[in-house]
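Undergrad: Quick one: this structure, given as structure tokens, is what I'll be asking you about.
There are 2 protein chains.
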Amino acid sequence: VAALVRVPSRFGSYEIRFGDERLVGELPDRCWIITDDNVRRHWGHVLPKDAPVRSVPPGEASKGIDEFERCLEWLAQSGADRRSVVVAFGGGVVGDLAGFVAASYMRGVPYIQAPTSLLAQVDSSVGGKVGIDLPQGKNLVGAFYPPQQVLVGQAFLRTLPDRHIRNGLAEVVKYGYIADTELVERMSGRLEERLPEIVRRCIEIKADVVAEDETEQTGRRAILNFGHTVGHALETYTGYESLLHGEAIAVGMAVEARVGERLGVTAPGTAQRLVETLRQLGLPTTSHHLRDVEDLIDLMRRDKKSREGRLAFSLLLHPGACKLIEDVDVRAVEAALLES
Amino acid sequence: VAALVRVPSRFGSYEIRFGDERLVGELPDRCWIITDDNVRRHWGHVLPKDAPVRSVPPGEASKGIDEFERCLEWLAQSGADRRSVVVAFGGGVVGDLAGFVAASYMRGVPYIQAPTSLLAQVDSSVGGKVGIDLPQGKNLVGAFYPPQQVLVGQAFLRTLPDRHIRNGLAEVVKYGYIADTELVERMSGRLEERLPEIVRRCIEIKADVVAEDETEQTGRRAILNFGHTVGHALETYTGYESLLHGEAIAVGMAVEARVGERLGVTAPGTAQRLVETLRQLGLPTTSHHLRDVEDLIDLMRRDKKSREGRLAFSLLLHPGACKLIEDVDVRAVEAALLES
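First to last, the sequence lines map onto chains F and G.
Sequential numbering of the first sequence, starting at 25, is according to our numbering.
Sequential numbering of the second sequence, starting at 25, is according to our numbering.
In structure tokens form, the structure reads like this:
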């Protein structure tokens, strides 16, 4: 383990360590591990033998308040105390759920993120946003609660199905378009072969943004939300059944680039270029649900960025730059949905 | 409103304001009020007319994860956003529940404590400890999340039943014995007549202790837990049915003073004096459940102060001073339970 990224936080900084699957074999004593059934099947053998393990069903349904409660009762029943360490060993669902469990159990115990999916490695495991869903929307309940460390094991990507690699690449595309023109330019050909360097670059971008605005006070961190206003609405609307998170935000980015162009915020041609990037990677850029304009806009009004029902979007200025725009005209959103 | 106490916090300091019921009429716009059915019946008329109000059944049962979920869904359905302010208008149950709802909704919205019970005014509304219960124990889930302000309306004590005044006086006795010999000495005769000055003194003590150790890192804040290791175990064991919180910690203080004397930590005679103080105020100092030694000790091992199952107690040195003692000999606890 040579490479490290350090993320500053209001509760003390933490390290991101890169390595192979052995990272997870070296967990500290008194770890309580939360994982999902798929990850456990592929990688359960690398975990310390005597650690308690709770495995949840894969998928967004495990991010409800019921599984949150079951995890908390499991910790209490198995004798976890304030010096116990919760480990999130899995994708974004496991990381968000286990992180909020750690944030809440006994008013907060330490936790380690050990992300196994590309999406979790490049995005959700870094930055301390943890949480669960309500029927009314995704991630509506949670905390800003940084991990003690993040262990990025590149080996875990080997057992990911192609669809889940593409799912993570949607977030990679996001990083390029919001913050790094060079990353955008390199986004052709077979990205998979360059994954280690790409993962690291995405984490560096995220760490920089989080360092500037850890708890979303200034709007800076909101740029990481590009594509997510529409994407989250689509996920909530479709009940997390048909679209993976990355697929929903791929569609969301395409729509939001068009919103930006309509408002004159985003440079003309950006949406077209973004759509081509996404298509080349095999990601969706539209959905027939976009026609249900009223329902989706209702959901967007409940987005955490919105204030008193006014729509807010993180919009591209051009490939490589993004900005939070509050009080967006609903007509631009309606038109972009219908155009996409 | 002349008198103010200011409490420092890692998220910025906050004010405690003293006054009458009009304090609550001057709440800011966009308040979402959580209260209980008793408080609403007596004092609902002082609330701002157009604020959304959610009233929960009185009692500890409302501090479960089910009511937590219902409050969160109520906020989401009624359009609360990150600029909304949650108001906890009620006793300790409402304050702990509403505080954790505010800490978790959209990863944290501001909240105001408006405590209406003596217990909440002197103790639970100050210091930012919020949370809910699990079947395995009280306050096992929660956050350190300071309020935006605390509004202490002395008028609200007028409608409290005598038993609930005594309930709060148990915490007043605790403050005297852990931190203020003068307060101990004044603890005779009719305390009710001197409630305003007593409430203020208790809040000052709490603010000082919290300022030194907001998130329970050093053991200093644990002195506020005197009587609570046994008291919480008793509450959990009896299912929160027969004993109010103050009654349980009155019994708990009596037992823990005896634990301290047995260990040579607490000056001889302290337990006897404490028991006399409690009896004079009409508070219980024993319970037939104390005979169920094994069950209670099992519950104490799950206390948040315990580490790897070793018992930890905040024990008096003498009236006016207290200290966290870790790894307490279980035999001293068994003997003190049987003696009480």
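Glycine residues also receive a C-beta, built at the ideal position from the N, C-alpha and C atoms.
Note that the structure is a prediction, hence the values are computed from the model and not measured.
What do you get for Pro-171 of chain F, buried or exposed, if any count of 16 or more other CB atoms within 10 angstroms of its CB means buried?
TA: Flag for Pro-171 of chain F reads buried.
Undergrad: Does any CB atom of chain G fall closer than 7 angstroms to the CB of Phe-337 of chain F?
TA: No, Phe-337 of chain F does not count as interfacial toward chain G.
Undergrad: Leaving aside the five residues before and after Val-48 of chain G along the sequence, list all residues of the same chain whose C-beta is less than 7 angstroms from its C-beta, in chain order.
TA: Contacts found: Val-70, Leu-71, Phe-113, Ala-138, Leu-175, Gly-177.
Undergrad: Express the C-alpha separation of Asp-60 of chain G and Ser-110 of chain G in angstroms, rounding to a whole number.
TA: The amino acid occupying residue 110 of chain G in the given sequence is Val; Ser does not appear at that position. Using only the alpha carbons, I get a separation of about 14 angstroms.
Undergrad: Would you report the Cα separation of Met-130 of chain G and Glu-84 of chain G, rounded to the nearest angstrom?
TA: In a straight line, the C-alpha of Met-130 of chain G is about 25 angstroms away from that of Glu-84 of chain G.
Undergrad: Which residues, taken in chain order from the stretch 91 to 112 of chain F, show a beta carbon closer than 7 angstroms to some beta carbon of chain G?
TA: Taking 7 angstroms as the Cβ-Cβ cut-off against chain G, the residues of the stretch 91 to 112 of chain F that qualify are Glu-93, Leu-96, Glu-97, Ala-100, Gln-101, Gly-103, Asp-105, Arg-106, Arg-107.
Undergrad: Find out if the Cβ-Cβ distance for the pair His-256 of chain F, Lys-162 of chain F is shorter than 7 angstroms.
TA: Cβ distance < 7 angstroms, so His-256 of chain F and Lys-162 of chain F count as in contact.
Undergrad: DSSP three-state label for Arg-245 of chain F, please.
TA: Reduced to three states, the DSSP call for Arg-245 of chain F is helix.
Undergrad: How about Ala-138 of chain G: is its C-beta nearer than 7 angstroms to some C-beta of chain A?
TA: Here the protein chains are F and G, and chain A is not one of them.
Undergrad: Who does Trp-56 of chain F pair with in a DSSP beta bridge?
TA: F:Val-110, per the DSSP bridge assignment.
Undergrad: Hey, could you find the ends of the beta strand (DSSP E) His-342 of chain G is sitting in?
TA: Element bounds for His-342 of chain G: 336 to 342.
Undergrad: Among the candidates G:Val-254, G:Thr-242, G:Glu-285, G:Thr-262, whose CA atom is the shortest distance from the CA of Met-324 of chain G?
TA: That would be G:Val-254, whose Cα lies nearest to the Cα of Met-324 of chain G.
Undergrad: Hey, does Phe-168 of chain G have any beta-carbon neighbour from chain F nearer than 7 angstroms?
TA: Closer than 7 angstroms to some Cβ of chain F, the Cβ of Phe-168 of chain G qualifies, so yes.
Undergrad: At the level of alpha carbons, what is the spacing between Gly-166 of chain G and Phe-124 of chain G?
TA: Cα-Cα distance, rounded: 6 angstroms.
Undergrad: If the cut is a Cβ gap below 7 angstroms, which residues of chain G does Val-165 of chain F touch?
TA: Chain G residues near Val-165 of chain F: Leu-96, Ser-128, Tyr-129.
Undergrad: How is Ile-349 of chain F classed by DSSP in three states: helix, strand or coil?
TA: Here Ile-349 of chain F sits in strand by DSSP.
Undergrad: What does Ser-330 of chain G touch in chain F if you count any residue whose Cβ is under 7 angstroms from its own?
TA: Near Ser-330 of chain G (Cβ distances below 7 angstroms), the residues of chain F are Asp-105.
Undergrad: Just to confirm the assignment: which complete alpha helix (DSSP H) runs, minimum length 4, are found wholly within the stretch 111 to 178 of chain G?
TA: Runs of the alpha helix (DSSP H) inside the stretch 111 to 178 of chain G: 116 to 128.
Undergrad: Report yes or no: is there a C-beta of chain F within less than 7 angstroms of the C-beta of Leu-258 of chain G?
TA: Not an interface residue.
Undergrad: Out of G:Leu-339, G:Leu-287, G:Leu-298, which one is the CA nearest neighbour of Asp-353 of chain G?
TA: Cα-wise, what sits closest to Asp-353 of chain G is G:Leu-287.
Undergrad: What residues from chain G crowd round Arg-326 of chain F, counting only those whose CB sits closer than 9 angstroms?
TA: Simply Ala-100, Gly-103, Asp-105.
Undergrad: On the premise that Lys-328 of chain F lies in contact with Arg-106 of chain G, defined as a C-beta separation below 8 angstroms, what is that separation, rounded to the nearest angstrom?
TA: Going by Cβ atoms, the distance from Arg-106 of chain G to Lys-328 of chain F rounds to 6 angstroms, so yes, they are a contact pair.
Undergrad: Within its chain, find whatever has a CB closer than 7 angstroms to the CB of Leu-298 of chain F; leave out the 5 residues flanking it on each side and keep chain order.
TA: Around Leu-298 of chain F: Tyr-201, Met-277, Ala-278, Ala-281.
Undergrad: Quick one: any contact between the stretch 245 to 252 of chain G and the stretch 336 to 356 of chain G, if contact means 3 or more CB pairs under 8 angstroms?
TA: A contact exists between the stretch 245 to 252 of chain G and the stretch 336 to 356 of chain G.
Undergrad: Taking 7 angstroms as the CB-CB limit, is Leu-158 of chain F close to chain G?
TA: Closer than 7 angstroms: yes.
Undergrad: Could you tell me the boundaries of the alpha helix (DSSP H) in which Tyr-38 of chain F lies?
TA: Looking at the DSSP string, Tyr-38 of chain F is not in any alpha helix (DSSP H); the run it does join, the beta strand (DSSP E), is 38 to 43.
Undergrad: Distance, Cα to Cα, Tyr-289 of chain F vs Leu-339 of chain F?
TA: Here residue 289 of chain F turns out to be Val, not Tyr, going by the sequence shown. So the two alpha carbons sit approximately 7 angstroms from each other.
Undergrad: Please classify Pro-81 of chain G as buried or exposed, where buried requires at least 16 neighbouring CB atoms within 10 angstroms.
TA: Pro-81 of chain G should be labelled exposed.
Undergrad: Let me see if you follow: with CB-CB separation under 7 angstroms, is Ile-89 of chain G close to chain F or not?
TA: Interface residue, yes.
Undergrad: Taking Leu-323 of chain F as part of the beta strand (DSSP E), name the residues at either end of that continuous run.
TA: Note, Leu-323 of chain F: premise wrong, no beta strand (DSSP E); alpha helix (DSSP H) at 317 to 325.
Undergrad: Excluding the 5 residues preceding and the 5 following Val-317 of chain G in the sequence, name in chain order all residues of the same chain whose CB lies nearer than 7 angstroms to its CB.
TA: Hits under 7 angstroms: Glu-358, Leu-361, Leu-362.
Undergrad: Between which two residues does the beta strand (DSSP E) containing Val-354 of chain G stretch?
TA: Element bounds for Val-354 of chain G: not the beta strand (DSSP E) but the alpha helix (DSSP H), 354 to 363.
Undergrad: Tell me the DSSP bridge mates of Arg-331 of chain G?
TA: According to DSSP, which records beta bridges pairwise, Arg-331 of chain G is partnered with G:Arg-334.
Undergrad: If you measure between the beta carbons of Lys-230 of chain G and Val-150 of chain G, is that distance less than 7 angstroms?
TA: Yes.
Undergrad: Is the Cβ of Asp-351 of chain F closer than 7 angstroms to any Cβ of chain G?
TA: So, not an interface residue.
Undergrad: Use the C-beta contact count for Arg-225 of chain F: other C-beta atoms within 10 angstroms, 16 or more gives buried, fewer gives exposed.
TA: That one is buried.
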